[in-house]
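All residue numbers for the sequence shown refer to the numbering used here, where the first residue is 2 and numbers rise by one. Here the structure comes first, spelled out in structure tokens, and everything after it is commentary.
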Amino acid sequence: MNILQSIGLTEWLILALIVVLLFGGKKIPELFRGVAEAIKEFKKVAKDSD
């Protein structure tokens, strides 16, 4: 079972609250942009390695 599938709504809300407390409201869009770019890069590398 995938770890992300086993996390419930409550856990996601707690994680989101922690992220907001750590980074503040102004940094969150920048953080998510970086995460999205990392995911795209990972998928690109995974596709190229096949």
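Backbone N, C-alpha and C fix where the C-beta goes; we use that ideal spot for every residue, glycine too.
(1) Using only the alpha-carbon positions, how far apart do F24 and L16 sit?
(2) Measuring straight from C-alpha to C-alpha, what distance separates E55 and L18?
(3) Do I29 and V36 count as a contact pair if the criterion is CB distance below 8 Å?
(4) What is the rounded straight-line gap between the Cα of V46 and the Cα of E38?
(5) What's the gap between the Cα of K1 and the Cα of E42?
Put simply:
(1) Taking the straight line joining both Cα atoms gives about 12 Å.
(2) Coverage of the chain is limited to positions 2 through 51, which leaves residue 55 absent and any answer about it impossible.
(3) No, they are not a contact pair.
(4) Rounded to whole angstroms, V46 to E38 spans 12 Å at the Cα level.
(5) Because the chain spans 2 through 51 in this model, residue 1 falls outside it and cannot be assessed.
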